[in-house]
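Here is the structure we will look at.
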Amino acid sequence: MENASSEIVIIAIILLSIATVGGILTGYLKIPYASMLVLIGLAVGLFHIFPHLKITPAIIYYVFLPILIMEGAVKFKVKTLKENLLPISVYAIFGTIISTILSGLALHYVFRIPLKQSLLFGAIISPTDPLSIMALLKNNGGRESRENGGESGDKPRARASEGIETVLEGESLFNDGISLVLYELFLTINFNKNPVFIIGMSSLKFLYTFLGGAILGIALGFLISFILSFTYDYLTEIMISILLAYISIIAAYYIGVSFIITIIFSGIILANYGFKKMVSSQTIQVFPIVIEFLAFVLNSLIFLLIGMEMNLFKILNFWLVSGILIVFAVFSRGFSIYILAPLINFIKQKFEIFSKGVAMNNIYKNFMIFGGLRGALSIAMALSLPLHLKMRSEIITYVFIIVLFSLTVQGIIFDIYAKKRISQFIS
Numbered sequence: 001m002e003n004a005s006s007e008i009v010i011i012a013i014i015l016l017s018i019a020t021v022g023g024i025l026t027g028y029l030k031i032p033y034a035s036m037l038v039l040i041g042l043a044v045g046l047f048h049i050f051p052h053l054k055i056t057p058a059i060i061y062y063v064f065l066p067i068l069i070m071e072g073a074v075k076f077k078v079k080t081l082k083e084n085l086l087p088i089s090v091y092a093i094f095g096t097i098i099s100t101i102l103s104g105l106a107l108h109y110v111f112r113i114p115l116k117q118s119l120l121f122g123a124i125i126s127p128t129d130p131l132s133i134m135a136l137l138k139n140n141g142g143r144e145s146r147e148n149g150g151e152s153g154d155k156p157r158a159r160a161s162e163g164i165e166t167v168l169e170g171e172s173l174f175n176d177g178i179s180l181v182l183y184e185l186f187l188t189i190n191f192n193k194n195p196v197f198i199i200g201m202s203s204l205k206f207l208y209t210f211l212g213g214a215i216l217g218i219a220l221g222f223l224i225s226f227i228l229s230f231t232y233d234y235l236t237e238i239m240i241s242i243l244l245a246y247i248s249i250i251a252a253y254y255i256g257v258s259f260i261i262t263i264i265f266s267g268i269i270l271a272n273y274g275f276k277k278m279v280s281s282q283t284i285q286v287f288p289i290v291i292e293f294l295a296f297v298l299n300s301l302i303f304l305l306i307g308m309e310m311n312l313f314k315i316l317n318f319w320l321v322s323g324i325l326i327v328f329a330v331f332s333r334g335f336s337i338y339i340l341a342p343l344i345n346f347i348k349q350k351f352e353i354f355s356k357g358v359a360m361n362n363i364y365k366n367f368m369i370f371g372g373l374r375g376a377l378s379i380a381m382a383l384s385l386p387l388h389l390k391m392r393s394e395i396i397t398y399v400f401i402i403v404l405f406s407l408t409v410q411g412i413i414f415d416i417y418a419k420k421r422i423s424q425f426i427s
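Number 321 in UniProt numbering belongs to position 321 of the sequence shown; there are no gaps in the numbering.
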């Protein structure tokens, strides 16, 4: 037991050292940090240095995601979120459904894979990954850079940029919850002979998991904020605030609601109510730094592990399939963004309540497409597939192919596009 514990510590130190080297190289090679780490992980994986080190769904769900989602949630300002609630909700719900169906149908008709498994594949690759997106936005000087006057004295980016970043991050956070429901729906259909009944029950379950998660998150946010009012030490306040992420996932698990939605809403309440009324000024200053550091460490590890988990030779053997699958993924994302944009703009013009926030012009639509990266959640869902599911191995390989492309090639394209269009992110 002692040897195993020592081995874990040594591996963690080695991985963090590799991530540090990756961070240094990022500055010189001008490659996004997330993309760099995945590529390094891919190279490390070729040498089988850590043959027993495997990324599992439980590690992603219960170790990495709580902090990473909380870090994104606490940065949301209620005002900006309300202004952009329309595009966030439309893309998170309808965009995810459209992308799932298109990806599934394409796989079904081109590769003749049964429709049930194809739709399950569509649900797995449809969610955009908030971890990857936030890492890339930081690379381009996102909200936190603007709030601090830019990094290294850089001029803060235009105000409209904050709106589209809120839409992209908000959609990526909320569509994770939607995609998990779709994943469970199509997984159940794969083992049930009465899909109509299952779809009806899943619709009710969707309402319960989503609304229940929101209510639970709001309640936990206010509860922790109330508890914080009795503390007088900023370190204790920070510890309680970080624990909220894990309290949320435990409570959501036992109640049977979406843990992602629960963490999002608890984080929003904590940041916009608890931190404004219940904590010391030291906590307000230090907490963002602490949680950003924790998220940075976890992000570094997860991107390395994803790269190490990839079987490059197996992916190369599927080079033709890989190219077609990548086209499917990009097209389904692009179609859902462009087809829903006119609806969003129409509602904004007709209803005063939705008039604020960003209008989806072509620059913003392309920003959403290039920024629709797939990542850790897709990997977790793929690896969670039951062992006796037909086409399980093929689905996992296909998902890994798309995630690898997304975090490397697409991530670099997004980075270039965002920098090139910075001057056009103006109201």
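Note that CB positions come from ideal geometry on N, CA and C, so glycine has one too. Predicted model only: the values in this text are computed from it and were never measured.
Item to complete: Label glycine 163 either buried or exposed according to how many other C-beta atoms from any shown protein chain fall within 10 Å of its C-beta, with 16 as the threshold for buried.
Response: The residue is buried, with at least 16 neighbouring Cβ atoms inside 10 Å.
Discussion item. Assuming contact is defined by CB atoms lying nearer than 8 Å, are serine 384 and proline 57 in contact in what I supplied?
Written reply: With contacts defined by Cβ atoms closer than 8 Å, serine 384 and proline 57 form a contacting pair.
Worksheet item: Around the C-beta of serine 17, are 16 or more other C-beta atoms found within 10 angstroms, so that it is buried, or is it exposed?
Response: Residue environment: serine 17 is assigned as exposed (fewer than 16 neighbouring CB atoms within 10 Å of its CB, all protein chains considered).
Worksheet item: For alanine 214, is the classification buried or exposed, using 16 other Cβ atoms within 10 angstroms of its Cβ as the cut-off for buried?
Response: Note on alanine 214: 16 or more other CB atoms within 10 angstroms of its CB, so buried under the neighbour-count rule.
Worksheet entry | Cβ pair count under 8 Å reaching 3, the segment 66-85 against the segment 339-346 | Contact between the segment 66-85 and the segment 339-346 is absent, because fewer than three Cβ pairs lie under 8 Å.
Practice prompt. Take the Cβ of leucine 211 as the centre, count every other Cβ of all protein chains shown within 10 Å, and call the residue buried at 16 or more, exposed below.
Written response: Leucine 211 is classed as exposed because its beta carbon has fewer than 16 other beta carbons within 10 Å across all chains shown.
Fill in: Cβ-Cβ separation, serine 172 to isoleucine 412 (assumed contact under 8 Å), whole Å
Contact between isoleucine 412 and serine 172 fails: their C-beta atoms lie close to 18 Å from each other, not under 8 Å.
Fill in: Inter-residue spacing [alpha-carbon to alpha-carbon] between alanine 359 and isoleucine 88
Approximately 12 Å, taken between the alpha carbons.
Worksheet entry | Residue burial classification, tyrosine 398 (beta-carbon count within 10 angstroms, cutoff 16) | It counts as buried.
Worksheet entry | DSSP three-state assignment for lysine 276, whether helix, strand or coil | In the three-state reduction of the DSSP assignment, lysine 276 falls in the helix class.
Discussion item. Rounded to the nearest angstrom, what separates serine 378 and histidine 108 at their Cα positions?
Written reply: Rounded to whole angstroms, serine 378 to histidine 108 spans 19 Å at the Cα level.
Fill in: For isoleucine 238 and serine 280, the rounded distance between their alpha carbons
Using only the alpha carbons, I get a separation of about 10 Å.
Discussion item. Can you list, in chain order, the residues of its chain with a C-beta nearer than 7 Å to that of leucine 25? Leave out the 5 residues immediately preceding and following it.
Written reply: Cβ neighbours of leucine 25 beyond the five flanking positions: Met36.
Practice prompt. Compute the Euclidean distance between the alpha carbons of isoleucine 249 and isoleucine 14, then round it to the nearest angstrom.
Written response: Rounded to whole angstroms, the separation of the alpha carbons of isoleucine 14 and isoleucine 249 is 29 Å.
Fill in: Within 8 Å, strictly: CB atoms of threonine 100 and asparagine 175
Contact check for threonine 100 against asparagine 175 fails: the beta carbons are separated by 8 Å or more.
Fill in: Cβ separation of glutamate 178 and lysine 116, assumed to be a contact under 8 Å, to the nearest whole Å
First, the amino acid is wrong: residue 178 is isoleucine here, not glutamate. The Cβ separation is near 19 Å, so there is no contact.
Worksheet item: Would DSSP call tyrosine 417 helix, strand or coil?
Response: In this structure, tyrosine 417 counts as helix in the three-state DSSP scheme.
Item to complete: State buried or exposed for glycine 27, treating a residue as buried only when at least 16 other CB atoms are found within 10 Å of its CB.
Response: When all chains shown are included, glycine 27 counts as exposed.
Discussion item. Does valine 358 come out as helix, strand or coil in the three-state DSSP assignment?
Written reply: Of the three classes helix, strand and coil, the one that applies to valine 358 here is coil, per DSSP.
Worksheet item: Run through DSSP, which three-state label would valine 74 get?
Response: Correct three-state label for valine 74: coil.
Worksheet item: Are there three or more Cβ pairs, one per stretch, closer than 8 Å when the segment 49-67 is compared with the segment 331-340?
Response: With the cut-off at 8 Å, the segment 49-67 and the segment 331-340 do not touch.
Worksheet item: With DSSP run on the structure shown, which of helix, strand or coil describes glycine 375?
Response: Here glycine 375 sits in coil by DSSP.
Fill in: Helix, strand or coil at isoleucine 55 [DSSP, three-state]
Of the three classes helix, strand and coil, the one that applies to isoleucine 55 here is coil, per DSSP.
Worksheet entry | leucine 119 beta carbon less than 8 Å from that of glycine 307 | No; because the gap between Cβ atoms is not below 8 Å, this pair is not in contact.
Discussion item. On a Cα-Cα basis, can you pick out the residue from Phe370, Ile261 and Phe47 that is closest to asparagine 362?
Written reply: Between asparagine 362 and the set Phe370, Ile261 and Phe47, the nearest pair of CA atoms involves Phe370.
Worksheet item: Where are the alpha helix (DSSP H) runs, 4 residues long or more, that stay fully inside the segment 196-273, in chain order?
Response: Scanning the segment 196-273 for uninterrupted alpha helix (DSSP H) segments of 4 residues or longer gives 234-255 and 259-269, listed from N- to C-terminal end.
Item to complete: Compute the Euclidean distance between the alpha carbons of asparagine 317 and phenylalanine 296, then round it to the nearest angstrom.
Response: Distance between the alpha carbons of asparagine 317 and phenylalanine 296: 34 Å.
Practice prompt. Drop a sphere of 10 angstroms on the beta-carbon of valine 44, count the other beta-carbons inside from all chains shown, and report buried for 16 or more, exposed for fewer.
Written response: The C-beta of valine 44 has 16 or more other C-beta atoms within 10 Å across all chains shown, which makes the residue buried.
Worksheet item: What first and last residue would you give for the alpha helix (DSSP H) that runs through proline 87?
Response: Where proline 87 is concerned, the enclosing alpha helix (DSSP H) starts and stops at 85-90.
Practice prompt. List the whole-angstrom C-beta distance separating glycine 72 from glutamate 169, where the pair is believed to meet the contact cut-off of C-beta under 8 Å.
Written response: 6 Å between Cβ atoms; contact.
Worksheet entry | Unbroken alpha helix (DSSP H) run spanning serine 103, endpoints | DSSP places serine 103 inside the alpha helix (DSSP H), whose first and last residues are 96-111.
Worksheet item: So, using beta-carbon positions, are isoleucine 261 and glycine 221 closer together than 8 Å?
Response: Not a contact, by the Cβ cut-off of 8 Å.
Worksheet item: Ordered along the chain, which non-local residues of its own chain (more than five positions away) have a Cβ less than 6 Å from that of phenylalanine 206?
Response: Counting only residues of its own chain and dropping the five nearest sequence neighbours on each side, phenylalanine 206 has a CB closer than 6 Å to the CB of Val181.
Worksheet item: Is the Cβ-Cβ distance between isoleucine 40 and glycine 22 less than 8 Å?
Response: It is a contact, given that the beta carbons lie within the stated cut-off.
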